[in-house]
Structures are given as structure tokens and as C-alpha cells.
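Novice: Protein chains in written order, with the numbering used here: chain A, 143 to 297; chain B, 143 to 297.
2 protein chains.
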Amino acid sequence: MALFLSTFTNKVDKKGRVSVPAPFRAALVGQNFNGLVAFRSYRLPAIEGLDMARMEQFSESADALDLFSEEHEDITATIFADAVQLPFDGEGRIVLPQNLVDHAGIDESATFVGRGRTFQIWQPGKFEDFQGQARERARDQGLTLRLRPGQDGDR
Amino acid sequence: MALFLSTFTNKVDKKGRVSVPAPFRAALVGQNFNGLVAFRSYRLPAIEGLDMARMEQFSESADALDLFSEEHEDITATIFADAVQLPFDGEGRIVLPQNLVDHAGIDESATFVGRGRTFQIWQPGKFEDFQGQARERARDQGLTLRLRPGQDGDR
DNA sequence: TCTAAACCCATTGACGCCCATCAAATCCCA
DNA sequence: TGGGATTTGATGGGCGTCAATGGGTTTAGA
């Protein structure tokens, strides 16, 4: 599976189109669906972005919950109902729906933020603030990452 | 199997017809029956929508329950007895039966809500409220979706 | 014969698709 | 190694197509 790395800021044109950074596009090829899936983060003023394979995986995981249970209802209402498929145009751009734009407070530019298996889309200024705070927390709390044993990195 | 994503709100015309969103229609092709199956949700003021394959799956799951048990009686009465087949017209519209419309409180518009393997049909305002509450619960309870083990992400 | 559902056709507005331009990074060769 | 040429990615705009919608007409069943 592809890794989404680094951050890119692109312009949103009058039609609401944004170019998806070429490296991200390269990580999103080879699906049935030529585009990406997006939904509003329920914790942050940001848009979550992922590929269809990941969404299918969510779907299978959600199927493991009891149907008609409250947990199932909440998960599907916050993720699947909120998700949109955003196809690429010939130039590799997407159109961000109004409700996503509103949620993230995006205006003339959008920042694509790599987060490993997924990525996020932010209003540039808001991401800058958020990243600054995250770095502070990481430093103050001595954040560490434990590697999973027995797992090769190149899966 | 089909994956239903996003929400779409369409108008109900004077004849009671609603366009089923094109992406949903695309997920509903390839059945014997050109249309969808619907029944009243027993927990929510909404209409459950699905394809025939999913209905078959429900049937098999119900078979796992003891025949003539109260649970079996209740499930079959609530789901199978209540279900209706709604065929598409030439433009991909359906007509919602009166009892479903009443149950969901639908008037001039209907909201189609993707929920993964199935979808729901709501009165727009009611779904907005419900989704808002679901998002709150998701945030407050730190709702997460555990990915099913043994499933590779890189498919 | 009357009503309701199925079928057909017209309109319109958003979106997908195409082409043009421009900037930047890279490549190539003297 | 410097500078010109080429490629690739980002951006802008025009136009055709399809989905959603509305209404009329025919068919079937009561």
C-alpha cells in the first residue's frame, strides 16, 4: 500500500477545483475507481482522505459489528454517510464539496498533509497552527514510537 | 458487493417519485430485479434500503436462528414481512409507498444516506439531527473502528 | 369507464472532459 | 559546468454530456 508523505499546498480555482499533489496521485492509482474518498474528520477541522481499498476495508470491519446496533449506526453515519468519492479530472484535480470546504474552513488554498496510510486536507493557516502545537506536545511529552516486532516495513 | 457512500438529497415530485442517486443505482445493477428493496427501520424514523443480494444474506442469517423461536418470529416479521421491492422507472426513480413515507416523515425531499453495504432514506432535517448526534457520540466516546485482523490493507 | 401505474419525452443546470498556458524542475550537450 | 531545450505539474477556461426534474400519454387493472 502506498504511503502519503510531506505536505503540499495548492490553489482552489473559481470552480472549486484543486490539484491533488502528484505524489499522492501516484499513490492512488491502480484502483477500480480513479480518484479518492474523503470525509470530515470528527475530531479536527480537516478532511480525511484515503483510497477506495481502505474504504472497503472499513466496510468489512463495520460488517463485523452487530447490524442495527447503536455503535454500527454511529460509525456508518459518521463515516460512510459522510464520505464522498471524488474522481480525478484529466489533470488530476478534484472538486471539494461545499460541506467539506465549510468544515475545514478552506478558501483560496488547500494543504494536503501526508499521514502514512491516509492523508488530510486542511486550510493552510489552520494546519500550520495545529502542526506547531503537535510538535510542542511531542517535545514536552517526550513522544516515542515503538516499532512493531516482526513486521517488515515494506508491506 | 456494492458499497454505498455519501448522502444525496433529491426532490419528491407530485406523483411521489424520487430519483435514486446515480452512484447508488450503479451499485444496484446486476441483480435479477431492476430496483431496490426497502423496509421501515425498527429503531429509527428512516427507511432501510438494500439490494437483493443483501436481502439474501439477511435471510441466511435469520436461518441461523431457531425456527419458531420468538427471536426468529420477530426478525422475520420486522424485516421480511415489511420489505417491498421498488422498481426503477426509465429515469432511475422509485415511488415510495405511503406507509414508508409516513414512517420516515418524508415530505417534499428525501435524503439517501450511504451506510456501506446498505443505505437509508430519511427526511432531510431528521437525518441532519441524527448525524449531528452520532458525530457527537463518536467524538465524546472516542469512537474508533477496529480494523479486522487478517485483512491486509494493501489490496 | 375510471384510476393508478408504467412509459416516454423535454428542459436545465451542474459536472466531466478537453485544450491552452505557464512555471519549475530536469535533462542534455557543447 | 553553464545554458538552452524538454518534460511534467499546476492552473484557467470553454463546451458537451448526463443526471435530476417535470409533465404528458399510454397501458393495465379494478
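Cβ coordinates follow ideal geometry from the N, Cα and C atoms, glycine included. It should be emphasised that the depicted structure is a prediction, and the values quoted were computed from it without experimental measurement.
#1: Compare the C-beta of Thr149(B) with all C-beta atoms of chain A and state if any pair is closer than 8 Å.
#2: Comparing C-alpha positions only, which one of Glu233(B), Asp231(B), Arg288(B), Ile263(B) sits nearest to Val243(B)?
#3: Could you compute how far the alpha carbon of Pro163(B) sits from the alpha carbon of Arg288(B)?
#4: Taking 8 Å as the CB-CB limit, is Thr260(A) close to chain B?
#5: Just to confirm, is the Cβ distance from Phe254(B) to Phe166(B) under 8 Å?
#6: Residues in the same chain with beta-carbon distance under 7 Å from Gln227(B), minus the five sequence neighbours each way, listed in chain order, please.
#7: First and last residue of the alpha helix (DSSP H) that includes Pro229(A)?
#8: Show which residues of chain A have a CB atom less than 8 Å away from the CB atom of Phe181(B).
#9: Pull up the distance between the alpha-carbon of Ala144(B) and that of Ser203(A), whole angstroms please.
#10: Measure from the alpha carbon of Leu192(B) to the alpha carbon of each residue in Ala206(B), Lys153(B), Ala168(B), then state which is nearest.
#11: In three-state terms, what does DSSP make of Lys268(A)?
#12: Excluding sequence positions up to five away, which residues of its chain have a Cβ less than 6 Å from the Cβ of Met197(A)?
#13: Buried or exposed: where does Arg277(A) fall if 16 or more other Cβ atoms within 10 Å of its Cβ makes it buried?
#14: Please tell me whether Asp216(A) has its Cβ less than 8 Å away from any Cβ of chain B.
#15: Distance cutoff 8 Å, beta carbons only. Does Leu145(B) sit that close to anything in chain A?
#16: Are the beta-carbon atoms belonging to Phe272(B) and Ala219(A) less than 8 Å from one another?
#17: Mind pulling the chain A residues with CB within less than 9 Å of Phe222(B)?
#18: Within the same chain, show all residues whose beta-carbon is closer than 6 Å to that of Ser251(A), passing over the 5 residues directly before and after it, in chain order.
#19: Can you list, in chain order, the residues of its chain with a C-beta nearer than 8 Å to that of Leu186(A)? Leave out the 5 residues immediately preceding and following it.
#20: So, for Glu212(B): in the same chain, excluding its five sequence neighbours on each side, which residues have a beta-carbon less than 8 Å away from its beta-carbon?
#21: Would you say Ala280(B) reaches chain A, if we count a Cβ-Cβ gap shorter than 8 Å as a contact?
#22: Distance check for Phe222(B) and Ala206(A), CA to CA, integer angstroms please.
#23: Can you tell me whether Phe210(B) is buried or exposed, with buried defined as 16 or more other CB within 10 angstroms of its CB?
#24: By DSSP, does Ala195(A) sit in helix, in strand, or in coil?
#25: Quick check on DSSP: helix, strand or coil for Leu289(A)?
#26: Alpha carbon to alpha carbon, how far is Ser183(A) from Thr286(A)?
Specialist: According to the structure data:
#1: yes
#2: Ile263(B)
#3: Their backbone Cα atoms lie some 30 Å apart in a straight line.
#4: Cβ-Cβ to chain B under 8 Å: no for Thr260(A).
#5: Result yes, Cβ atoms of Phe254(B) and Phe166(B) sit closer than 8 Å.
#6: Phe175, Gly177, Val179
#7: Run containing Pro229(A): none in the alpha helix (DSSP H); it sits in the beta strand (DSSP E), 226-229.
#8: The premise fails here: Phe181(B) is roughly 12 Å from chain A at the closest Cβ pair, so nothing lies under 8 Å.
#9: 15 Å
#10: Ala168(B)
#11: helix
#12: Val179
#13: exposed
#14: Yes - at least one Cβ of chain B is within 8 Å of the one on Asp216(A).
#15: yes
#16: Yes, these two residues count as a Cβ contact at 8 Å.
#17: Those within 9 Å of Phe222(B) in chain A number zero; the least Cβ separation is about 14 Å.
#18: Thr151, Lys153, Pro266
#19: Gln262, Phe272
#20: Nothing listed; no residue qualifies.
#21: yes
#22: 22 Å
#23: exposed
#24: helix
#25: Three-state DSSP puts Leu289(A) in coil, outside helix and strand.
#26: 24 Å
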